[in-house]
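Input: a single structure, listed below in structure tokens.
There are 2 protein chains.
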Amino acid sequence: MEVKVLKNILSANDRIAEKNRALLDENGVLALNIMASPGAGKTSIIMSTIKALNGEYGIGVIEGDIASSVDAEKVSREGIPAVQINTGGGCHLDANMISDSLPDLPLDKLDFIFIENVGNLICPASYALGDRRRIIIASIPEGDDKPIKYPIMFHDADLIVLNKVDLAPYVNFDRAAFRQAIKNLNDKTPIIEVSCTTGEGLDEWLTWLKAQKIK
Amino acid sequence: MEVKVLKNILSANDRIAEKNRALLDENGVLALNIMASPGAGKTSIIMSTIKALNGEYGIGVIEGDIASSVDAEKVSREGIPAVQINTGGGCHLDANMISDSLPDLPLDKLDFIFIENVGNLICPASYALGDRRRIIIASIPEGDDKPIKYPIMFHDADLIVLNKVDLAPYVNFDRAAFRQAIKNLNDKTPIIEVSCTTGEGLDEWLTWLKAQKIK
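First to last, the protein sequences are chains V and H.
Taken in order, the first sequence gives residues 1 to 215; the numbers are from this note's numbering.
Taken in order, the second sequence gives residues 216 to 430; the numbers are from this note's numbering.
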């Protein structure tokens, strides 16, 4: 009897992620999956971007946290449509959570959706959401060895933003070692250095972001 | 027919953790499970402790990382017995990994084993290892809202070490808000503020640690 071999079957999560991506593409919305350690500055980057581009671009935000809605409230106060997902202990967002969130956002009016993942340099890397860009926010006080210790996350990034460069004078961070470690994983990933506190480098980030617009 | 109800059955992990704990107790060794975000300073605290207490106390280290052995090498250069666990993508240590590591440490000569968990404020909280103390290292540049966002981790801590206090003048960190958020979760957990860079507060940490000795 012939044995049926099933190849390239999408996981339930990947299947839902594909549907999310199709819906976003139809509406000309580019979703960015923002991943980082806790406290690296995901919300700060999103807030700085909103302050710079609000009015000029349509921006929506999906906030992922284990608990609390402090981040979605911050975003919402700027007049930006925002959905808060509480995973209730879960260490990553998944495609189904995004699928449940999209109906609450005015997709036809948006250019970008920032999906702020749960603060975690490991598990979020393994779950497709339907985004078209993966952004890793690293930060100076975390140390230059993070790409060596969390290689999967850094390997799959479309862009790495190195935040808190204003703290560089006060900590021991070897920029050359950091860049080399990333190059060893993926020599095509651009790295943009910023400080959300001083505003340094944000122009370069905004220029990169604007170039990704698909509508 | 009577239905058999099984109560309080230990999970496989909890069962192995109990065995680890029994073995450590027999040898009079106190194991500390050190958990934190990536880059909060787990290795720095361990290194500072080794430098202060080596010779006076028997110290062993189990290092957990997704990849690399940089941390175990750092510890080993100080003449301290160290085992590196690479989880190969896994986001937390589990009891079986500790059980496999203990035969490589001279338990009869040790007072303390520092188990440096994978850098992650979520998943490690759910896996017993056989330790008798759970230490969370938070750090100033991560922000004061981490206990609100990662409540399970902070709720279960026996001690919270707030590291990198030397960076407090350069970032916006509300100490009172941080302490209140922890108090709301568990009003008995002590908080010790330190800087591994300047040495500030390390005496208080060492005093706390020495008081935990069981041999």
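Don't be surprised by glycine CBs; every beta carbon is placed ideally from N, CA and C.
The continuous alpha helix (DSSP H) containing Arg175 of chain V extends over residues Arg175 to Leu185. Under the rule that a run must span 3 or more residues, the beta strand (DSSP E) segments found entirely inside the segment 54-130 of chain V read 59-65, 82-86 and 112-116. For the C-beta of Val220 of chain H, not a single chain V residue is nearer than 8 angstroms; the gap to the nearest is close to 26 angstroms. Annotation: the continuous beta strand (DSSP E) that includes Arg348 of chain H extends over Arg348 to Ser354. For Met35 of chain V, the pairing in a beta bridge is given by DSSP as V:Ile136. In this structure the segment 246-264 of chain H touches the segment 354-362 of chain H; the number of beta carbon pairs closer than 8 angstroms is three or more. Within the same chain, and ignoring the five residues on either side of Leu238 of chain H in sequence, the residues whose Cβ sits closer than 8 angstroms to its Cβ are Leu317, Leu322 and Gly345. Leaving aside the five residues that flank Thr198 of chain V on each side, the residues in its chain whose CB is nearer than 7 angstroms to its CB run, in chain order, Asp166. Among the residues of chain V, those whose CB is under 7 angstroms from the CB of Gly358 of chain H are Gly39, following chain order.
Secondary-structure assignment with DSSP links Leu421 of chain H through no beta bridge to anything. Across the structure, Ile367 of chain H and Gly89 of chain V are spaced so that their CA atoms are roughly 8 angstroms apart. Taking a C-beta distance under 7 angstroms as the contact criterion, Ile137 of chain V and Asn163 of chain V qualify as a contact pair. In this structure Glu241 of chain H is exposed. Its beta-carbon is surrounded by fewer than 16 other beta-carbon atoms within 10 angstroms.
Contact between the segment 323-331 of chain H and the segment 269-285 of chain H is established, with three or more Cβ pairs separated by less than 8 angstroms. When V:Ala177, V:Ser11, V:Gln180 and V:Leu53 are compared, the shortest CA-CA separation from Glu78 of chain V is found for V:Leu53. Taken through DSSP and simplified to helix, strand or coil, Val218 of chain H comes out as coil. Of the residues assessed, Asn248 of chain H falls on the buried side of the cut-off, its CB having 16 or more other CB atoms within 10 angstroms. Counting only residues of its own chain and dropping the five nearest sequence neighbours on each side, Asp14 of chain V has a CB closer than 7 angstroms to the CB of Ala128. The beta-bridge partner set that DSSP reports for Val376 of chain H consists of H:Ile352 and H:Ile407. Beta-bridge annotation (DSSP): Leu30 of chain V is paired with V:Phe112. Chain-ordered, the chain V residues with CB closer than 8 angstroms to the CB of Val285 of chain H read Asp145, Ile148 and Lys149. Ranked by Cα distance from Arg347 of chain H, the first of H:Ile300, H:Glu217 and H:Ile429 is H:Ile429. At a cut-off of 7 angstroms, the C-beta of Asn335 of chain H has a neighbouring C-beta in chain V. Within its own chain, the residues whose Cβ lies closer than 7 angstroms to the Cβ of Ile148 of chain V, once the five positions on either side in sequence are excluded, are Ala181, listed in chain order. Interface flag for Leu167 of chain V against chain H is set, since a Cβ pair is found closer than 7 angstroms. Contacts with chain V at 7 angstroms (Cβ-Cβ) include Tyr385 of chain H. Interface residue (Cβ-Cβ distance to chain V less than 7 angstroms): Asp280 of chain H is classified as such. In this model, Ser68 of chain V and Asn117 of chain V are separated by some 14 angstroms (Cα to Cα).
CA-to-CA, the gap between Gly279 of chain H and Arg349 of chain H works out to about 15 angstroms. Within 10 angstroms of the beta-carbon of Asn387 of chain H lie fewer than 16 other beta-carbons, which makes it exposed.
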